[in-house]
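A.B. asks: Quick note: the sequence shown, position 248, residue 230 per this note's numbering, numbers continuous.
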Amino acid sequence: MRRGGGRPAGAGRPRLSTRQQPDRGFVTSRAKNRPHLADPARESCQRTLVTLCSRCPRSSLPGVLPRSAHPVGTTVPSRGGPPGAGSRHGPTRRFPVPMTQALELSGTSGTHFADFIDLLRAELPDVTREVVAEIRKSIPEYNRPADSAYDQILRISTEILLAGFLQSVAEPGEPTTQRDETCRAVGQFEAIEGRNLDHLQSASRIAFHIAWRRTVIIAEREEIPTSIVSSTVDAMLVYLEEAVAQIRLGHQQASGHADVRRREERRRLLHLILQQPAVVPEAIEELARATCWWPLPEEATLIAVHPEAPCTRAALDTDVLVDLDSAEPCMLVPGPLTEARHAMLRAALSDASCVVGLTVPLERATHSLRWARRVLELAEEGIIRDGSLIPCRDHLMTMWLLSDPPLVEELTRHHLEPLRGMSDGQRRRMVETLAEAVTTRSTAVDIGERLKIHPQTVRYRLRQLESYMGDSLEDDDTRFSLDATLRALHLRNRRTLGRRGTPHT
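#1: Can you tell me whether P502 is helix, strand or coil according to DSSP?
#2: If contact is defined by three or more beta carbon pairs under 8 Å, each pair taking one atom from either stretch, is the stretch 274 to 291 in contact with the stretch 308 to 320?
#3: Is P263 helix, strand or coil when you go by DSSP?
#4: The beta strand (DSSP E) spanning A282 covers which residue range?
#5: Span of the beta strand (DSSP E) holding L314?
#6: Please name the residue in S186, R409, E363, E246 whose C-alpha comes closest to that of E223.
#7: What number of angstroms, rounded off, separates the C-alpha of E506 from the C-alpha of Q170?
#8: Check whether the Cβ atoms of L383 and L473 lie closer than 9 Å to each other.
#9: Which term fits R495, buried or exposed, when burial requires 16 or more other beta carbons within 10 angstroms of its beta carbon?
#10: From S209 to F147, what does the alpha carbon distance come to, in whole angstroms?
#11: State the CB to CB distance for the pair L144 and T110, rounded to an integer number of angstroms; the pair is presumed to be in contact (CB under 8 Å).
#12: Would you kindly check if the distance between the Cβ of L269 and the Cβ of R250 is under 9 Å?
#13: Leaving out five residues before and five after A265 in sequence, what residues of the same chain have Cβ atoms less than 8 Å from its Cβ?
#14: Could you check what DSSP says for G146 in three-state terms: helix, strand or coil?
#15: By how many angstroms is the C-alpha of V427 removed from the C-alpha of E488?
#16: According to DSSP, which residues form a beta bridge with D305?
#17: Give me the Cβ distance between V211 and V226, rounded to the nearest whole Å; I'm assuming they're in contact under 8 Å.
#18: I'd like to know whether the C-beta atoms of P292 and R126 end up nearer to each other than 9 Å.
#19: Near R469, what residues of its chain come up, given a Cβ to Cβ distance below 6 Å and the 5 sequence neighbours on each side ignored?
#20: Are the stretch 407 to 420 and the stretch 428 to 437 touching by the rule of at least three beta carbon pairs closer than 8 Å?
#21: Count the other C-beta atoms from every protein chain shown that fall within 10 angstroms of the C-beta of C274, then say buried if there are 16 or more, exposed otherwise.
#22: Tell me, which residues are paired with C336 by DSSP?
#23: Would you check if there are 3 or more beta carbon pairs closer than 8 Å linking the stretch 321 to 330 to the stretch 164 to 180?
#24: Across which residues does DSSP place E341 in a beta bridge pair?
#25: Can you name, in chain order, every residue of its own chain whose Cβ lies under 8 Å from the Cβ of S350, other than the five neighbours on each side?
#26: Can you grab the Cα-Cα spacing for the pair L360 / A330, in whole Å?
#27: Apart from the five residues on each side of it in sequence, which residues of its chain come closer than 6 Å, Cβ to Cβ, to V302?
#28: When burial is assigned at 16 or more other CB atoms within 10 Å of the CB, is E267 buried or exposed?
#29: In or out: E141 buried (at least 16 other Cβ within 10 Å) or exposed?
#30: Are the beta-carbon atoms belonging to R295 and V304 less than 9 Å from one another?
#31: Excluding the five sequence neighbours on either side, which residues of its own chain have a C-beta within less than 7 Å of the C-beta of D333, listed in chain order?
#32: Which residue marks the beginning of the alpha helix (DSSP H) containing K119, and which one marks its end?
#33: Spatial neighbours of Q228 within its chain, please: C-beta separation below 6 Å, excluding the five flanking residues on both sides.
#34: Tell whether a beta-carbon distance below 9 Å holds between T421 and D465.
#35: Would E362 pass as a contact of S335 if the rule is Cβ separation under 9 Å?
#36: When you compare the CB positions of M379 and V357, do they come within less than 9 Å of one another, or not?
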């Protein structure tokens, strides 16, 4: 039986199909399926979003307030309009106005529309998962590890906004406070992260298309009148427009905030500290005072970050100097890297490829960053294992041995010149045995175990090496130079085609 025909006012609501739906059981009543926007878990997640947005800057950004701080009906300007015009915390536009007109013109009972909303609400969990997955797939900036700050914000804001739409059309008298606060907080978060609204607008379009497509599928399956479907889609467009206006408002509020402007000034301070040749200390002190980064720390820890590494700026402490927009992103953490600072960096960088430099006096910060960047290069080349928060101090010798590749090649040519006449295979085996003998000073038995060859084979090779290289192996300086050269040669040969997680040869 079609559900579209005009039924007399006051007639009982038609019983909807109770066919089994995948992953959600039977379609039941509206009250049972309605998501509770005010449940503790959801409010906790929204507070997480607000907290993340307020961490940088520390002082509360305008518009990010507890729900109780916004009386229903309070107005805020939208798109530059005066207070009271456009968007507000209480509803400015009631979706049921065009919806009611469409129902009256078509002669369709409002009960059919309510039943249709029930069906849409039952699909809400699946739609939310699909929207989140598609946004992560289509927008790399939002494709972050599960349970990261970005992932949490994406999921929670999507849930709130999709559920808020259904509540707005089903219960027109309800204020849109939660939706508006969420949208402004997301807009502020984008500003704090140093981005414009392009990515959020793309995400909004993705959400709309998925919601529209699912609406049409349900309508065709349940034979919903076209007047109801078209009015629902119109309501989606109105809702999206109002949500984007609130996002834009939050972005504008954060972008114009004094503490956000100070962040750009602190980036200039970071450049001054790292500048070579060094600037006069008075210039650094003057800018540090102007940006409230005073007193200057005696020591600092530099972080070298991969250019393509995602970073959640809002998770960083406010005294961390940051430049993530240059070709070689970096951070400066005042003082040594404590456990709390380490946890802060892990929250901000997640599993991003980065190196923790040495803690050095502030005037030597440029050297710490240079070494950290070199270790990051070695990780990119596969010489050391890539990862997140790689300690520079663990690879100082590697960095030193490979600090001058042409010199390593020249030393290799000098020390191994006597072996030039051998075949490639024979030369490789002899160098392998020589390296073990020089660097470990082990017995033939121990060397044989490590190389998985017979001790007698080791002794034979060592006698050959003595005949080729003469008494040079007995000289302490020569052995030291040969030891360093062979270690550098071994490290250089560890380059792999892969990056993170690729086993070294």
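All C-beta atoms in this analysis are idealised placements derived from N, C-alpha and C, irrespective of residue type, glycine included.
C.D. replies: Taking the geometry as given:
#1: Any question about residue 502 goes unanswered here, given that the chain covers just -17 to 487.
#2: yes
#3: Position 281 of the sequence shown, counting from 1, holds the residue named residue 263. Here DSSP, grouped into helix, strand and coil, assigns P263 to helix.
#4: Within the sequence shown, residue 282 is the residue found at index 300, counting from 1. Looking at the DSSP string, the run of the beta strand (DSSP E) that includes A282 is 281 to 287.
#5: Position 332 of the sequence shown, counted from the start, is the residue given in the question as residue 314. From DSSP, the beta strand (DSSP E) with L314 extends over 312 to 316.
#6: Counted from its first residue, the sequence shown places residue 223 at position 241. Taking only the C-alpha atoms, the option nearest E223 is S186.
#7: Within the shown structure, residues of the chain are numbered from -17 to 487, placing residue 506 beyond reach of any answer.
#8: Numbered from its first residue, the sequence shown carries residue 383 at position 401. Numbered from its first residue, the sequence shown carries residue 473 at position 491. Contact annotation: L383 and L473 have beta-carbon atoms nearer than 9 Å.
#9: The first residue shown for the chain is -17 and the last is 487, placing residue 495 beyond what the model contains.
#10: Along the sequence shown, read from residue 1 onward, the residue named residue 209 stands at position 227. Along the sequence shown, read from residue 1 onward, the residue named residue 147 stands at position 165. If you take the alpha carbons of S209 and F147, they lie about 18 Å apart.
#11: By one-based count along the sequence shown, residue 144 stands at place 162. By one-based count along the sequence shown, residue 110 stands at place 128. Right, the Cβ-Cβ distance comes to about 6 Å (below 8 Å), so this counts as a contact.
#12: Position 268 of the sequence shown, counted from the first residue, corresponds to residue 250. Position 287 of the sequence shown, counted from the first residue, corresponds to residue 269. Their beta carbons are under 9 Å apart, which means R250 touches L269 by this criterion.
#13: On the sequence shown, position 283 is the one that residue 265 refers to. Excluding residues within five positions, the ones whose Cβ falls inside 8 Å are L254.
#14: Locating residue 146 in the sequence shown gives position 164, where the first residue counts as 1. Helix, per DSSP.
#15: Since the first residue of the chain shown is -17 and the last is 487, residue 488 is not available in this structure.
#16: Looking up residue 305 in the sequence shown gives position 323. Bridge partners of D305: C312.
#17: For the purposes of this step, residue 211 is identified with residue 229 of the sequence shown, where counting begins at 1. For the purposes of this step, residue 226 is identified with residue 244 of the sequence shown, where counting begins at 1. Going by Cβ atoms, the distance from V211 to V226 rounds to 23 Å, so no, they are not a contact pair.
#18: Position 310 of the sequence shown, counted from the first residue, corresponds to residue 292. Position 144 of the sequence shown, counted from the first residue, corresponds to residue 126. Against a cut-off of 9 Å, the Cβ pair of R126 and P292 comes out as a contact.
#19: Taking the sequence shown and counting its residues from 1, the one referred to as residue 469 is at position 487. Here the set comprises L383.
#20: yes
#21: Taking the sequence shown and counting its residues from 1, one reaches residue 274 at position 292. By the 10 Å Cβ count, C274 comes out exposed.
#22: Taking the first residue of the sequence shown as position 1, residue 336 is located at position 354. C336 is bridged to V287.
#23: no
#24: Against the sequence shown, residue 341 aligns to sequence position 359. Note on residue identity: the sequence assigns Thr, not Glu, to residue 341. DSSP output for T341 lists T283 as bridge partner(s).
#25: In the sequence shown, the residue the question calls residue 350 occupies position 368. Contacts found: A282, T283, L284, G339, L340, T341, V342, C374.
#26: In the sequence shown, residue 360 corresponds to position 378, counting from 1. In the sequence shown, residue 330 corresponds to position 348, counting from 1. Near 23 Å, if we compare the C-alpha coordinates of A330 and L360.
#27: As a working note, residue 302 is residue 320 in the sequence shown. Cβ within range, chain order: M313, V315.
#28: In the sequence shown, counting from the first residue as 1, residue 267 sits at position 285. That one is exposed.
#29: In the sequence shown, counting from the first residue as 1, residue 141 sits at position 159. Result: buried.
#30: One-based indexing of the sequence shown puts residue 295 at position 313. One-based indexing of the sequence shown puts residue 304 at position 322. Against a cut-off of 9 Å, the Cβ pair of V304 and R295 comes out as a contact.
#31: On the sequence shown, position 351 is the one that residue 333 refers to. Within the same chain, D333 has close Cβ partners P127, S370.
#32: Mapped onto the sequence shown, residue 119 falls at position 137. Looking at the DSSP string, the run of the alpha helix (DSSP H) that includes K119 is 106 to 120.
#33: Working through the sequence shown from its first residue, we reach residue 228 at position 246. Result list for Q228: S69, D162, C165, R166, in chain order.
#34: Residue numbering aside, residue 421 sits at position 439 when the sequence shown is read from its first letter. Residue numbering aside, residue 465 sits at position 483 when the sequence shown is read from its first letter. Against a cut-off of 9 Å, the Cβ pair of D465 and T421 comes out as a contact.
#35: The residue you call residue 362 lines up with position 380 of the sequence shown. The residue you call residue 335 lines up with position 353 of the sequence shown. Cβ atoms of E362 and S335: closer than 9 Å.
#36: Numbered from 1 along the sequence shown, position 397 holds the residue referred to as residue 379. Numbered from 1 along the sequence shown, position 375 holds the residue referred to as residue 357. With contacts defined by Cβ atoms closer than 9 Å, M379 and V357 do not form a contacting pair.
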